[in-house]
Each structure stands twice: as structure tokens, then as C-alpha cells.
Amino acid sequence: MIVIRKIVKWIFLFVSIPVAYLLVSLILTIIPVNSETGNSEKNKSIYLNSNGVHLNIIIPKDQIDSNLLAGLEYDQHDQYFSFGWGDRNFYLETPAWGDLTFKNAFVALFLKSPTLIHLTRYSTTREDWAEIKVDQDQLKKINQYIFDSFYTNSNNRKVLLLNKGYSNNDDFYEALGSYSYYKTCNSWVNTTLKNAGIKACLWTPFEFGLLGMHKKRKTTPDKPDIKIKSLN
Numbered sequence: 011m012i013v014i015r016k017i018v019k020w021i022f023l024f025v026s027i028p029v030a031y032l033l034v035s036l037i038l039t040i041i042p043v044n045s046e047t048g049n050s051e052k053n054k055s056i057y058l059n060s061n062g063v064h065l066n067i068i069i070p071k072d073q074i075d076s077n078l079l080a081g082l083e084y085d086q087h088d089q090y091f092s093f094g095w096g097d098r099n100f101y102l103e104t105p106a107w108g109d110l111t112f113k114n115a116f117v118a119l120f121l122k123s124p125t126l127i128h129l130t131r132y133s134t135t136r137e138d139w140a141e142i143k144v145d146q147d148q149l150k151k152i153n154q155y156i157f158d159s160f161y162t163n164s165n166n167r168k169v170l171l172l173n174k175g176y177s178n179n180d181d182f183y184e185a186l187g188s189y190s191y192y193k194t195c196n197s198w199v200n201t202t203l204k205n206a207g208i209k210a211c212l213w214t215p216f217e218f219g220l221l222g223m224h225k226k227r228k229t230t231p232d233k234p235d236i237k238i239k240s241l242n
């Protein structure tokens, strides 16, 4: 009987911990921080997008600081740069929810693991992006936070992972920081906005909180010209 009670206790703990995490996450997600008020002129645009797993911040190339732009792979057609931060194995092995495995999810959430910056380049805007108007000071803080998330080698250069992108318009770079249950790809984006004084969630591991605050654009862009690389 004692053994059965212990088993039930451990099962209860195993189930209750993720449920508690989910409930706390939902509560913190719906609590907003930073108001929309302010006297500064918000004449710059940044964007948010998501692939259903990872939330990203997109900045027009002409609004990216030179220190952040330095060392990134791009060509003259790339006009919008999408930045995401996340667990190394999760990024490389889980490009979509259909690729998710229990092992990758467990390691990412419960074991501190190395991270990457995911850079995706676009020639035009997309209609599924959420636009955020920012002022010059907010834009500067966003640039700096993203720059500070890159790992640089002894020569102060960003470290590119060769041939690891999902397609011909994206790449991965070594990043600073460890991924965990409280510091996720989506909480990184949320923190970037919070630190810049932009409306955000108190804390969130989800994408829908920020996307709900910042509505998607209604314009219809040109269709992107993306060729998928072989993963073999």
C-alpha cells in the first residue's frame, strides 16, 4: 500500500509541474507591460513573425546598426532581416511542430543548453507579419539587445554555421546564453521588446501573447522567391 501511495504521489508531481507551469505562463502572458503612450515620434517600423514554433523580430536592413549587420551573410536583394534566438538542437532538428520529439522538448526545457541565432532574410514584407511602430531610441535598444545575443570569436566576428539553414534565405549563428524553461525563444523576443519600452507581456514562453498585442498587417506583399535546400 505504501508503495502504491508513493507511485501515485510521483505521478501527481509529474503531472502537476507542467500544469502549474502552463497556468503561470498563461497568467503572465496576459499581463501587459509598457504603455503605448509617449511624446516621441514613432516613425520606424519593425515586425514580428512566427513559423508556428519560433517567434522572430524583423528589422529593415536600412534600420540595422552597422555593428549588428557586420559579419552577417546577405546579398543586395535582402531588405528585411528576421532574428530569432533559441535552443541549438531544437532549432536544427525542429523546423516545424511536426518535427518535434519528446527528447528535444525535454532537453530544451529542463536542461540548460547552447543556443543559436536564426537569421532569415526577405526581399519584401509579408502579410502575416505584425507591424510595430517604434521611435529611434527604441530601435537602437532593439539593435543592441540582438547584437549582444550573438557569440563572437577571438577576432570579434560572428560565427556562422555552414549549410545549416532551412532554405537559401536563412542561416544560423552561434549565440550567447542558455535555453531553459524560463528563457525560451519567445521569451527572448518578449524581453527584447520590454527592454526597448515597447508593449509586451510580463513574461511569456508563447507566441500568441505578442502577436495578439501587435496586430498583423493587412497589406498584400509580393510573393517571396524562396528555394528550399536539400536537407541531405
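First residue of the sequence shown: 11, per this note's numbering; consecutive thereafter. Positions of the beta carbon are idealized from the N, C-alpha and C atoms, including for glycine.
| Asked | Found |
| --- | --- |
| For R292, list the residues DSSP reports as bridge partners. | As shown, the chain starts at 11 and ends at 242. That puts residue 292 outside it, with no answer to give. |
| Flag this pair as yes or no: are the beta carbons of G207 and N44 separated by less than 8 Å? | yes |
| Between Y101 and the rest of its own chain, which residues show a CB-CB distance below 7 Å, the 5 nearest in sequence each way excluded? | L126, H128 and F182 |
| Looking at C-alpha atoms only, which residue of K174, V63, S177 and A185 is the closest neighbour of N166? | A185 |
| Quick one: what's got a C-beta closer than 8 Å to P42's C-beta in the same chain, skipping five residues either side? | K209, A210, C211, L212 and M223 |
| Would you give the residue range spanned by the beta strand (DSSP E) that D181 belongs to? | D180 to E184 |
| On a Cα-Cα basis, can you pick out the residue from E217, F157 and F93 that is closest to N196? | E217 |
| Take I40 and list the residues in its own chain whose beta-carbon comes closer than 8 Å to its own, dropping the five residues that flank it on each side. | C211 and G219 |
| In terms of residue numbering, what span does the alpha helix (DSSP H) encompassing Y156 cover? | The sequence given here has Ile at residue 156, not Tyr. First-last of the alpha helix (DSSP H) with I156: Q146 to S159. |
| Leaving out five residues on either side along the sequence, give the residues of the same chain with a beta carbon under 7 Å from the beta carbon of Q73. | K54 and L149 |
| What first and last residue would you give for the alpha helix (DSSP H) that runs through S197? | C195 to N205 |
| May I ask you to verify whether the stretch 189 to 203 touches the stretch 90 to 97, counting CB pairs closer than 8 Å and requiring at least 3? | yes |
| Looking only at its chain, what residues have a beta carbon closer than 7 Å to the beta carbon of T162, apart from the 5 residues adjacent to it on each side? | K168 |
| Could you check which residue in T202, N179 and L221 has the C-alpha nearest to that of D88? | N179 |
| In the DSSP assignment, find the unbroken alpha helix (DSSP H) run with S76 in it and report its ends. | S76 to L79 |
| Tell me K54's beta-bridge partners as DSSP assigns them. | V144 |
| Could you give the first and the last residue of the continuous beta strand (DSSP E) run that contains L65? | L65 to P70 |
| Between which two residues does the alpha helix (DSSP H) holding E103 run? | R98 to E103 |
| Am I right that N205 and T214 are in contact with their C-beta atoms under 8 Å? What's the rounded C-beta distance? | Contact flag wrong, Cβ pair sits at about 15 Å. |
| So what's V169 in DSSP terms, helix, strand or just coil? | coil |
| Using three-state DSSP, classify P124 as helix, strand or coil. | coil |
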